[in-house]
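Following our numbering, the residues of the sequence shown are numbered contiguously, the last one being 390.
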Amino acid sequence: PLEDERLIMNASTRIRVAAVQMVSGPVVAENLAEAGHWIAEAARQGARLVALPEYFPLISGDEADKVGIREPEGDGPIQRFLSECARRHGIWLIGGSVPLHADVDDKVRNTCLAYDPEGRQVARYDKVHLFAFTKGAENYDEARTIEAGHRPVSLETPFGRVGLSICYDLRFPEDFRALGDMKLRVLGAAFTETTGRGHWELLLRARGVENQCYVVASAQGGVHPSGRRTWGDSMLIDPWGNVINRLARGPGVVVGDMDPDYLFEIRQNLPALGHRRI
């Protein structure tokens with residue numbers, strides 16, 4: 113099986129990936145323009161897969177605002193933007209999270225949509241774990257406006273299986289393992305400054321080590337017009353838990369390479385995935 117992995121991943125080729133970091137505000141058009149700029153920059157630097165952060169189209173002072181811009185799957189300005197960017201740049205584009213219609217009228221599905229280089233939607237993941245946190249004046253409860261998804265999702269690419277996650281999912285390692293063997297896990301996030309300072313890097317590196325895979329983490333990172341503070345620190349992590357590249361604060365793009373030979377070496381030297389006992 114390890115030799116099959118080497119062949120599947122085309123060991124002679126490194127794969128450049130990128131994480132876009134944003135400080136989204138309350139105007140969708142401005143956020144899409146900002147995202148488009150950094151997607152283009154990532155593509156210019158040779159990225160074949162680009163990931164956007166959670167809530168990239170909108171972060172406002174009223175959590176109900178995302179209900180007002182929700183879209184049906186397959187139609188809407190945010191989804192058209194993602195499809196066109198993927199097609200224009202010829203990349204695999206992981207669309208952070210998009211507010212889609214829910215079964216409940218006053219809620220959304222917080223959905224990560226993936227597009228192939230032809231601009232076709234090839235995967236949909238609805239965020240399963242909904243964040244809630246209270247500390248002093250800080251109070252978050254995503255269940256007020258978000259309807260939870262029900263299952264983990266991955267997609268097949270020419271460079272291996274890619275798992276999709278959103279923010280709070282990072283705290284649930286069983287969700288990562290539920291998808292089986294992955295070469296790459298993508299996580300779009302809007303970690304708060306408080307929780308990010310304590311746990312963001314720790315959890316990301318642990319997920320990479322546990323699953324012996326690369327991790328691309330795209331975050332919101334800064335002080336938003338609403339006053340909300342997000343941690344940022346978008347990063348790329350290798351299967352040994354090393355941070356390949358990172359961006360602490362502010363908008364930008366983090367670019368780095370997945371090395372199939374290195375991943376193969378890690379799994380061959382320490383075949384932990386094959387040692388699991390349920």
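In this text, a Cβ means the ideal position worked out from N, Cα and C, and glycines have one as well. Since the model is a prediction, treat every value here as computed from it, not as a measurement.
Cα atoms of N251 and S338: separation of roughly 14 Å, rounded to the nearest angstrom. Only residues of its own chain outside the window of five on either side were considered, and among them N143, E146, A147, W150, L164, P165, F168, Q332, G333, P363 have a CB closer than 8 Å to the CB of M134, listed in chain order.
In the DSSP assignment, Q133 falls outside any alpha helix (DSSP H) and lies within the beta strand (DSSP E) extending over 127-133. Here D238 is buried, its C-beta having at least 16 other C-beta atoms within 10 Å. With respect to the 7 Å criterion, R160 and R192 are not classified as neighbours on the basis of their beta carbons.
Nearest to R126 by C-alpha distance, out of N381, D373, I378, is D373. For F271, the secondary structure class from DSSP, reduced to helix, strand or coil, is coil.
Distance from the Cα of V328 is smallest, within the candidate group L359, H311, P229, for L359.
Only residues of its own chain outside the window of five on either side were considered, and among them L348, I349, D350, G368 have a CB closer than 7 Å to the CB of I356, listed in chain order. Note on D345: 16 or more other CB atoms within 10 angstroms of its CB, so buried under the neighbour-count rule. Rounded to the nearest whole angstrom, the CA to CA distance from P184 to L299 is 23 Å. Under the DSSP assignment, P372 falls in the alpha helix (DSSP H) whose first and last residues are 372-381. When the alpha-carbon of D174 is set against those of G308, S209, R340, the nearest one is in R340.
Take D218, set aside five residues on each side of it, and the residues of its chain with a beta-carbon closer than 8 Å to its own are A176, V179, T257, in chain order. The beta-bridge partner set that DSSP reports for Y167 is empty.
In the displayed model, W352 falls within coil according to three-state DSSP, outside both helix and strand.
Exposure of Q157 is indicated by the presence of fewer than 16 other C-beta atoms within 10 angstroms of its C-beta. The Cβ atoms of C224 and I278 lie closer than 7 Å to each other.
The segment 161-245 is shown to contain whole beta strand (DSSP E) runs of 3 or more residues at 161-163, 204-206, 210-213, 220-227, 233-238, in chain order. Bridge partners of M347 according to DSSP: A329, R358.
Linking A301 to P211 through their CA atoms gives a straight-line distance of about 14 Å.
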